[in-house]
Each structure stands twice: as C-alpha cells, then as structure tokens.
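In the numbering used here, the protein residues as written are 149 to 388. This report concerns only the one structure given below.
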Amino acid sequence: MKKIWQRAAAAVAFTAVLSASVVDAQADYKSDFVYTYASSAQTLAKQMNLYPSVMIAQMALESNYGTSGLTQSANNLFGVKGTYNGQSIALKTQEQRGHKLVTVKNHFRSYPSKWASMVDYTNIMQGRHLSGAWVSNTSSYRQATRALAGVYATDRNYSAKLNAIIAQYGLTRYDAKRATTTKTSYTVKATSSKRTHTVRAGETLSSIAMKYSMPERTIMAANGLSNANHIVVGKRLVIQ
149 MKKIWQRAAA AVAFTAVLSA SVVDAQADYK SDFVYTYASS AQTLAKQMNL YPSVMIAQMA
209 LESNYGTSGL TQSANNLFGV KGTYNGQSIA LKTQEQRGHK LVTVKNHFRS YPSKWASMVD
269 YTNIMQGRHL SGAWVSNTSS YRQATRALAG VYATDRNYSA KLNAIIAQYG LTRYDAKRAT
329 TTKTSYTVKA TSSKRTHTVR AGETLSSIAM KYSMPERTIM AANGLSNANH IVVGKRLVIQ
C-alpha cells in the first residue's frame with residue numbers, strides 16, 4: 149500500500165511540474181510577442197495620435213499573440229477585413245450577434261509583412277468612426293478601449309480584454325515614453341547561410357526583431373549582446 153501511495157504522489161508531482169512548464173512556455177511566447185512588437189507599435193501609434201498601449205493590446209488579442217491562423221498565413225495582426233492591394237484570405241470566424249456567437253465566413257486582408265499590417269492599422273484608426281479612441285479626444289487609454297467596443301469589434305467584453313492585457317504587461321509605460329520620428333530603412337544581406345542587418349538611424353532592437361519576426365533575445369544571443377539598448381548605427385547584426 150505504501151508503494152502505491154508513493155507512486156501516486158510521484159505521479160501527482162510530475163503532473164504538477166509538467167503543468168507548470170506548460171504555463172511557463174505559454175507565458176514566455178506571449179511575453180516574447182509583446183516585447184518584440186512594442187517599440188515599433190509605440191513609434192507608429194505616437195505618430196498617428198493613438199495610444200501605444202491600446203495598439204499593442206489589440207495586436208496581442210486579435211492575433212492571439214501572433215499564433216492565429218490569420219496572422220500565420222496572412223501577416224494580419226489586427227483581424228482587419230477586406231483586401232490589401234488586392235490581396236485577401238477567406239476564413240471562418242465568430243462574431244457576436246445580440247447575445248449569440250455565430251460563425252461566419254469573411255475575407256481578411258493579406259499583408260506582405262507584419263510591418264505593413266501595423267501601418268495599415270494606424271491608417272484605419274484615422275477613420276472618424278474610431279475617433280473616440282484618439283489620444284486627442286480622450287484623457288486615458290481606458291476611454292479609448294471603451295470607444296472601440298462595439299465599433300472595432302462586436303465582442304461585448306472587448307474593452308475589458310484589452311484593459312487586462314494592458315495591465316498584465318504594464319503597457320502604459322509605452323504611452324509615457326517619447327517615440328522617435330526618424331524614418332528608418334532596412335538593409336538585409338546574405339552572408340553564406342546567414343542573413344545580416346545593418347542598423348540604421350532610429351532603429352531599435354525591438355523594431356529589428358519585429359522586421360524578422362523573431363524574439364529580441366534570439367538576435368542578442370546570435371550577436372553576443374548583453375543589453376538590448378547597446379546597438380549602434382552602422383553595426384551589422386547576424387540574423388539567424
């Protein structure tokens with residue numbers, strides 16, 4: 149009997165460790181997503197009279213932290229419907245109609261890159277029907293998320309979900325910081341089997357990581373960087 153209890157206890161302990169590992173892995177990919185895109189979102193949002201915190205939260209929610217089928221197949225981070233330069237993808241999705249969730253088939257914009265998706269989103273947000281989310285028309289990000297509910301998305305809990313993400317990752321700090329307005333350009337060169345990227349004025353490690361859709365820490369490890377802020381103009385980074 150004692151051995152049976154010992155085996156049962158060991159099984160419970162193993163299950164607990166495994167569950168903890170799964171939770172950690174999930175938290176890790178979500179954090180990687182947020183911090184990979186945060187700086188670039190901040191720059192764009194600041195230039196377009198939007199809250200960076202809200203933009204980052206929408207990006208995380210709409211793309212399921214970059215893992216949704218729409219994001220994976222069409223680089224669409226914000227669930228934007230329609231076509232982009234004539235390109236779209238048809239997918240089934242759920243929408244709230246009254247108190248019911250119904251499954252419908254819609255065409256969503258297909259982008260050449262995630263950066264294009266982000267730029268397009270900021271342009272869409274300039275529509276008058278979304279002006280309730282502009283910084284100039286609000287006193288807090290909470291007013292902005294409230295204005296998006298029922299307008300940007302049919303989800304009745306849209307505002308609460310965005311607020312929860314903003315609180316979880318402390319995204320309001322991106323609202324307070326000043327964003328650079330320096331235009332950036334990208335250079336990618338092939339060196340045998342490796343890609344390289346030459347840092348240009350105004351770029352951050354976060355914006356570079358976003359360009360190549362990989363975590364900042366991956367680029368840091370490949371280049372022996374100990375501090376994400378220690379990149380200088382002209383430095384050539386290895387992109388693996």
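A virtual CB, placed ideally from N, CA and C, is assigned to each residue, including glycine.
So the alpha helix (DSSP H) arginine 321 belongs to, where does it begin and stop? For the purposes of this step, residue 321 is taken as residue 173 along the sequence shown, with counting starting at 1. Annotation: the continuous alpha helix (DSSP H) that includes arginine 321 extends over 320-324.
By Cβ distance, which residues of its chain are closer than 6 Å to lysine 229, with the 5 residues on each side in sequence left out? Within the sequence shown, residue 229 is the residue found at index 81, counting from 1. Cβ within range, chain order: Asn254 and Phe256.
Hey, would you say valine 380 sits closer than 7 Å to alanine 349, going by beta carbons? Start at 1 with the first residue of the sequence shown, and residue 380 comes out as number 232. Start at 1 with the first residue of the sequence shown, and residue 349 comes out as number 201. No, the Cβ-Cβ distance between valine 380 and alanine 349 is not below 7 Å.
Closer than 7 Å by C-beta to alanine 205: which residues in its own chain qualify, once you throw out the five before and the five after it? Chain order, please. As a first step, residue 205 is located in the sequence shown; it is residue number 57 there, counting from the start. Within the same chain, alanine 205 has close Cβ partners Leu310, Ile313, Ile314 and Leu319.
Any idea what DSSP makes of phenylalanine 162, helix, strand or coil? Numbered from its first residue, the sequence shown carries residue 162 at position 14. With a pLDDT of 46 at phenylalanine 162, under the threshold of 50, the predicted position of this residue should be treated as unreliable, though the coordinate-derived value follows. Correct three-state label for phenylalanine 162: helix.
Output needed for alanine 186: all residues of its chain with C-beta closer than 7 Å, excluding positions within five of it in sequence on either side, in chain order. Sequence index remark: in the sequence shown, residue 186 carries index 38 (1-based). Cβ within range, chain order: Ile204, Tyr322 and Ser354.
What is the residue span of the alpha helix (DSSP H) that arginine 294 lies within? Taking the sequence shown and counting its residues from 1, one reaches residue 294 at position 146. Counted as a single uninterrupted DSSP element, the alpha helix (DSSP H) harbouring arginine 294 occupies residues 289-296.
Cβ contact (3+ pairs, closer than 8 Å) linking the region 194-213 and the region 356-369: In this structure the region 194-213 does not touch the region 356-369; the number of beta carbon pairs closer than 8 Å is below three.
Straight-line CA distance for asparagine 305 to arginine 343? Numbered from 1 along the sequence shown, position 157 holds the residue referred to as residue 305. Numbered from 1 along the sequence shown, position 195 holds the residue referred to as residue 343. Rounded to the nearest angstrom, the two C-alpha atoms are 43 Å apart.
Endpoints, beta strand (DSSP E) assigned at isoleucine 379: Within the sequence shown, the letter at position 231 stands for residue 379. Isoleucine 379 -> no beta strand (DSSP E), and no H or E assigned at all.
Beta-carbon proximity of methionine 196 to threonine 270, cut-off 7 Å: The count along the sequence shown starts at 1 and reaches residue 196 at position 48. The count along the sequence shown starts at 1 and reaches residue 270 at position 122. Taking 7 Å as the cut-off, the Cβ atoms of methionine 196 and threonine 270 count as close.
Please report the distance separating the alpha-carbon of valine 182 from that of tyrosine 232. Here residue 182 corresponds to residue number 34 of the sequence shown, with the count starting at 1. Here residue 232 corresponds to residue number 84 of the sequence shown, with the count starting at 1. Straight-line Cα distance between these residues: approximately 25 Å.
What would DSSP say about alanine 370, mapped onto helix, strand or coil? For this step, residue 370 is matched to residue 222 along the sequence shown. In this structure, alanine 370 counts as helix in the three-state DSSP scheme.
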